[in-house]
Amino acid sequence: LKAVQGSGDPVIVKDKSTFDKEKALAYMRKVYTQRYGGLEAGKHYMRIEPGIIAEEFLENDEVSKKVSNTLIDYKIWCINGRAEYVWTCCNRTPPHGIEVMTYDREWNAHLEYSIFDSIYRKGTPMPAPANLDGMLEVAEKLAKPFPIVRVDLYNLNGKIYFGEMTFTSLGGLMTFYTQEFLDKVGAMIDLSKYIK
2 LKAVQGSGDP VIVKDKSTFD KEKALAYMRK VYTQRYGGLE AGKHYMRIEP GIIAEEFLEN
62 DEVSKKVSNT LIDYKIWCIN GRAEYVWTCC NRTPPHGIEV MTYDREWNAH LEYSIFDSIY
122 RKGTPMPAPA NLDGMLEVAE KLAKPFPIVR VDLYNLNGKI YFGEMTFTSL GGLMTFYTQE
182 FLDKVGAMID LSKYIK
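Mapping to this note's numbering: the sequence shown position 62 is 63, numbers consecutive.
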């Protein structure tokens with residue numbers, strides 16, 4: 002269960018027989034009334050009508066377990082409707098951080114694009130997902146109307162699952178990337194395609 006207007010605030014239900022409905026409702030009521038985006042330069046998020054959605058509980062598949070003890074989040078940076086980079090997030094250990102790595106479309110790892118610290122730890126390069134082309138295609142279909150967006154997908158047992166679309170990642174600050182990489186991506190954006 003998660004709020005459509007929030008970030009990082011889900012209620013995870015692995016076993017419905019032990020689900021504390023009243024506790025979850027109390028928590029979701031609190032999350033539901035919070036406005037998200039004001040502190041992270043995301044005023045557009047504040048316009049989202051509050052709501053709560055229930056998503057299927059996803060578990061790691063056997064292939065993913067070889068590289069991550071948690072779901073692998075494939076965060077695909079799309080610029081001018083084209084998937085350019087994939088930021089993988091895995092081995093999440095809240096509140097102690099996450100392992101990350103940035104790849105290009107051909108799945109070459111680019112450590113030089115990242116700033117690693119105690120939260121965003123350097124991940125080990127992993128093999129490309131078997132259906133990477135399909136993931137890039139899905140991301141590009143979703144990203145087509147936008148100059149820049151991050152399309153988050155999961156890939157389990159060869160099936161692609163949609164996570165979310167993010168328009169101002171970390172308020173546009175993204176301290177986990179080098180300034181050179183941010184400048185490179187920023188220079189790729191062609192706003193003239195979107196101005197009418």
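No residue lacks a Cβ here, since even glycine has one placed at the ideal position from N, Cα and C.
For clarity, every value in this text was computed on a predicted model and none was experimentally measured.
Discussion item. Let me check understanding here. Comparing Cα to Cα, which of S18, I53 and K44 lies closest to Y28?
Written reply: Measuring from the Cα of Y28, the nearest candidate turns out to be I53.
Worksheet item: For M175, which residues does DSSP report across the bridge?
Response: Bridge partners of M175: none, in fact.
Item to complete: Mind checking which residues open and close the alpha helix (DSSP H) that includes L137?
Response: Here the alpha helix (DSSP H) through L137 covers L133 to A144.
Practice prompt. Starting from the N-terminal side, write out each stretch of the beta strand (DSSP E) that is 3 residues or longer and does not extend beyond the region 36-95.
Written response: 74-80 and 83-91
Fill in: Spatial distance of V152 from T19 (CA atoms)
33 Å
Worksheet item: Comparing alpha-carbon positions, which option in L133, Y121, G172 and K185 lies nearest M47?
Response: G172
Discussion item. Which same chain residues end up closer than 6 Å to I99 when comparing Cβ atoms and leaving out the 5 residues on each side of it in sequence?
Written reply: C90 and R93
Worksheet item: Which residue comes first and which comes last in the beta strand (DSSP E) that contains G164?
Response: K160 to T167
Worksheet item: Are the CB atoms of V5 and E85 nearer to each other than 9 Å?
Response: No; because the gap between Cβ atoms is not below 9 Å, this pair is not in contact.
Discussion item. Rounded to the nearest angstrom, what separates N199 and K197 at their Cα positions?
Written reply: What is shown of the chain runs 2 to 197, which leaves residue 199 out entirely.
Fill in: Distance between beta carbons of M166 and Y75, contact taken as under 8 Å
The Cβ separation is near 13 Å, so there is no contact.
Worksheet item: Do you know offhand how far L112's Cα is from S8's?
Response: The alpha-carbon of L112 is positioned some 26 Å away from that of S8.
Item to complete: Could you name the residues that DSSP lists as bridge partners for R122?
Response: The partner list for R122 (beta bridge, DSSP) reads E100.
Item to complete: Output the distance between the C-alpha atoms of L183 and F117, rounded to the nearest integer angstrom.
Response: Between the C-alpha atoms of L183 and F117 there is a straight-line separation of about 15 Å.
Practice prompt. Quick one: using the 10 Å Cβ neighbour count with 16 as the cut-off for buried, is P130 buried or exposed?
Written response: buried
Worksheet entry | Euclidean distance between Cα positions of S170 and Y114 | 16 Å
Worksheet item: Anyone know if the C-beta pair for N81 and M189 falls short of 9 Å?
Response: Between N81 and M189, the gap from beta carbon to beta carbon is short of 9 Å.
Worksheet item: Buried or exposed: where does A55 fall if 16 or more other Cβ atoms within 10 Å of its Cβ makes it buried?
Response: exposed
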